[in-house]
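Here is the structure we will look at, set down as C-alpha cells.
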Amino acid sequence: MRKNLQLDLPPDFQREALQTRLQTHLHQLVGDRDPYLAAGRHRLAQQYIQSTLAQWGVPAAHDFHVRGRCHTNWILPLPASTGASAKSPLIVGAHYDTVPGTPGADDNASGVSVLLELAHFFAQFPAARPIWLIAFDLEEYGLLGSQAYVEKLKATQQPVHLMLSLEMLGYYDRTPQSQNYPSPLLTRLYPHRGDFIALIGNLSTLFAMRRLGQHLKRAGAPCEWLPVPNRGKAIPATRRSDHAAFWDGGYRAMMVTDTAFLRNPHYHQASDRLDTLDLEMMTRVCQGLMLGLQSLT
107 MRKNLQLDLP
117 PDFQREALQT
127 RLQTHLHQLV
137 GDRDPYLAAG
147 RHRLAQQYIQ
157 STLAQWGVPA
167 AHDFHVRGRC
177 HTNWILPLPA
187 STGASAKSPL
197 IVGAHYDTVP
207 GTPGADDNAS
217 GVSVLLELAH
227 FFAQFPAARP
237 IWLIAFDLEE
247 YGLLGSQAYV
257 EKLKATQQPV
267 HLMLSLEMLG
277 YYDRTPQSQN
287 YPSPLLTRLY
297 PHRGDFIALI
307 GNLSTLFAMR
317 RLGQHLKRAG
327 APCEWLPVPN
337 RGKAIPATRR
347 SDHAAFWDGG
357 YRAMMVTDTA
367 FLRNPHYHQA
377 SDRLDTLDLE
387 MMTRVCQGLM
397 LGLQSLT
C-alpha cells in the first residue's frame, strides 16, 4: 500500500486537492484532438488550455503555418522570484494534439494536465528563474510545433536554461515484464516492471536529471533516468517527443515520460481512455515536478 505523503507543498497542492483538479483537466481534454480530422475537439482543447492558463497570467499565441493553415502553440511566461528575472528561462512543454481516432488520455492529455497545474503552482510560488509553460501543437505530425518554436528561439538568440517535455505521464503497470526497452542493454540495466517515471536527456542534463529524479522519488514516484549522446540518434525511441526539437537546436532538454509504447498497450489506440490512467501516480509525478523545478536553478 502506498503512503499518503505530506510534502512541503501548500494545502492546494497536497494529493487530494491536486488529484481532483488533474482529473477535471483530463475530463475536459480527453477526446480525439487531431487538428485536421477532429478540428472541433482540437479547437475546444485549445480554448480550454488558453482559458486555464489565463487564470495565472497572460498566455501568448505563437502562430506557425503548415499546409497553408495556421496552428498555435500557447505560451505562458511566468516571472522568477524577486531579483532573478534576468536569468534564462526554464521551458516546460506538452503537446495537446492526438493521432486520429484516439481520445489521447495518456497521449497527451496527461502531460497537458500536469502542465496546467505547474502553471497554477509557479504563478503563486515563483521559481529561482523564469518558467515558460508551452502547449505545443502538431507533435504527432513530426514535432512541427516545437520545431517552429525552436526556430523562433534561434532567430531571436534567446538562451534557454533547460527544456522539459511532458510526454505521457499517466500509465503504470506493476506486473512483471510489463516494461519493454528499445535495446537489449537497457533491458539488462533497468526495471522490468512499468511502475516508474523516466527522465531521458542529453548528456548536458545529467545533473538536472539526477536532481529532478531525487524530488520525484521524494514525492513517491519511482524514477529512472537515462542520459543519451548525439541527440539520441542511436536510440530513435528517445527522440519521440518535443524535447528532440530542442536537442536538434543545441539546447539542454529532457523528456519526462511513462515510456509510452514501451509500456502502454493503448498507445495510439481508441482505448487510450481516462479509465486506463493511474491518477494517484500521476499526481505524485506532478508534485515531484513542482518540488524539483524549484531546485533547477
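Position 63 (the sequence shown) corresponds to 169 in the working numbering; numbering is contiguous. Here a beta-carbon is modelled for each residue, glycine too, at the ideal position from N, C-alpha and C. As the structure is a prediction and not an experimental result, all values here were calculated from the model.
Reduced DSSP secondary structure (H/G/I, E/B, other) of residue i
| i | result |
| --- | --- |
| residue 354 | helix |
| residue 362 | strand |
| residue 117 | helix |
| residue 372 | coil |
| residue 252 | helix |
| residue 402 | coil |
| residue 213 | helix |
| residue 286 | coil |
| residue 208 | coil |
| residue 157 | helix |
| residue 310 | helix |
| residue 321 | helix |
| residue 330 | strand |
| residue 269 | strand |
| residue 242 | strand |
| residue 276 | coil |
| residue 107 | Caution applies to residue 107, whose pLDDT of 39 falls short of 50 and renders its modelled position unreliable; the value that the coordinates give is listed next. DSSP places residue 107 in coil when its eight states are reduced to three. |
| residue 199 | strand |
Cα-Cα separation between residue i and residue j, rounded to whole angstroms
| i | j | result |
| --- | --- | --- |
| residue 217 | residue 273 | 6 Å |
| residue 182 | residue 239 | 5 Å |
| residue 317 | residue 174 | 43 Å |
| residue 277 | residue 346 | 17 Å |
| residue 415 | residue 235 | Beyond the ends of the chain as shown, which are 107 and 403, falls residue 415; an answer cannot be given. |
| residue 242 | residue 180 | 7 Å |
| residue 254 | residue 333 | 25 Å |
| residue 169 | residue 295 | 42 Å |
| residue 107 | residue 326 | Low per-residue confidence applies at residue 107: pLDDT is 39, beneath 50, and the placement is therefore not dependable, though the value from the model is reported in the following sentence. Each residue's Cα considered, the two are about 12 Å apart. |
| residue 383 | residue 337 | 30 Å |
| residue 121 | residue 371 | 27 Å |
| residue 199 | residue 349 | 8 Å |
| residue 132 | residue 178 | 20 Å |
| residue 369 | residue 297 | 12 Å |
| residue 134 | residue 322 | 26 Å |
| residue 401 | residue 142 | 40 Å |
| residue 152 | residue 387 | 26 Å |
Whole-number beta carbon distance between residue j and residue i, since they are thought to touch under 8 Å
| i | j | result |
| --- | --- | --- |
| residue 140 | residue 205 | 7 Å |
| residue 98 | residue 344 | Past the boundaries of the shown model lies residue 98; the chain is included only from 107 to 403, so the question cannot be answered. |
| residue 378 | residue 211 | 5 Å |
| residue 266 | residue 215 | Incorrect: roughly 26 Å between the Cβ atoms, too far for contact. |
| residue 162 | residue 225 | 5 Å |
| residue 233 | residue 186 | 6 Å |
CB of residue i within 8 Å of CB of residue j, strictly
| i | j | result |
| --- | --- | --- |
| residue 184 | residue 231 | no |
| residue 223 | residue 127 | yes |
| residue 299 | residue 282 | yes |
| residue 320 | residue 113 | no |
| residue 252 | residue 362 | no |
| residue 138 | residue 195 | no |
| residue 359 | residue 308 | yes |
| residue 391 | residue 268 | no |
| residue 213 | residue 373 | yes |
| residue 160 | residue 256 | no |
| residue 244 | residue 250 | yes |
CB contact below 8 Å: residue i versus chain D
| i | result |
| --- | --- |
| residue 238 | The displayed structure is made up of one protein chain only, and chain D is not part of it. |
Q: With a floor of 3 residues, list each beta strand (DSSP E) that falls wholly inside the segment 121-172, ordered by position along the chain.
A: 166-172
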